[in-house]
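Below: one structure, written as structure tokens.
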Amino acid sequence: MQKDTFLNIVRGHYINCPSKMTLVREMFPSDLPTGVGQYVVWLGEDDIPDYQVAEFIAIVTSLSGFTLDDIILFERSRKTTTQFAKVAVPEYRHIHMWTREEMQLTR
Numbered sequence: 001m002q003k004d005t006f007l008n009i010v011r012g013h014y015i016n017c018p019s020k021m022t023l024v025r026e027m028f029p030s031d032l033p034t035g036v037g038q039y040v041v042w043l044g045e046d047d048i049p050d051y052q053v054a055e056f057i058a059i060v061t062s063l064s065g066f067t068l069d070d071i072i073l074f075e076r077s078r079k080t081t082t083q084f085a086k087v088a089v090p091e092y093r094h095i096h097m098w099t100r101e102e103m104q105l106t107r
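In UniProt numbering, the protein residues as written are 1 to 107.
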């Protein structure tokens with residue numbers, strides 16, 4: 001998928017939502033064991049305070065029955081120049097979330 005196409009999807013479906021934060025399945029999952037849930041929290045604004053992001057993640061994970069022991073969160077730098085992370089999307093802040101098992105997501 002071309003980057004412009006992907007960014008249009010992000011803008012049209014993830015960023016422009018009333019809540020300003022959206023949890024979606026990872027479109028380009030990492031090579032992890034079967035059953036590991038791979039998701040992305042997209043943030044509609046760069047200046048959303050970290051505590052609000054943490055509250056959002058806590059709500060969606062607890063609704064799915066997960067605890068802190070069931071999730072891994074990471075946010076790549078948007079300013080990196082390393083070869084490994086050049087596929088990152090610096091245009092929009094987003095946080096990757098891996099879960100012990102798949103979540104049941106609904107719209």
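The C-beta atom is built at its ideal place from N, Cα and C for all residues, glycine as well.
Item	Value
Taking the alpha helix (DSSP H) that residue 6 falls in, what are its first and last residues?	3-9
When DSSP labels each residue in this structure, what does residue 92 get in the three-state scheme?	coil
Since residue 99 contacts residue 70 with CB under 8 Å, what's their CB separation in whole angstroms?	6 Å
Give the straight-line distance between the Cα atoms of residue 49 and residue 55, rounded to the nearest whole angstrom.	10 Å
If we call anything under 7 Å between Cβ atoms a contact, is residue 73 one with residue 97?	yes
Among the residues of its own chain, which have a CB less than 7 Å from the CB of residue 94, if the five just before and after it don't count?	40, 41, 42, 43
Please classify residue 48: does DSSP put it in a helix, a strand, or coil?	coil
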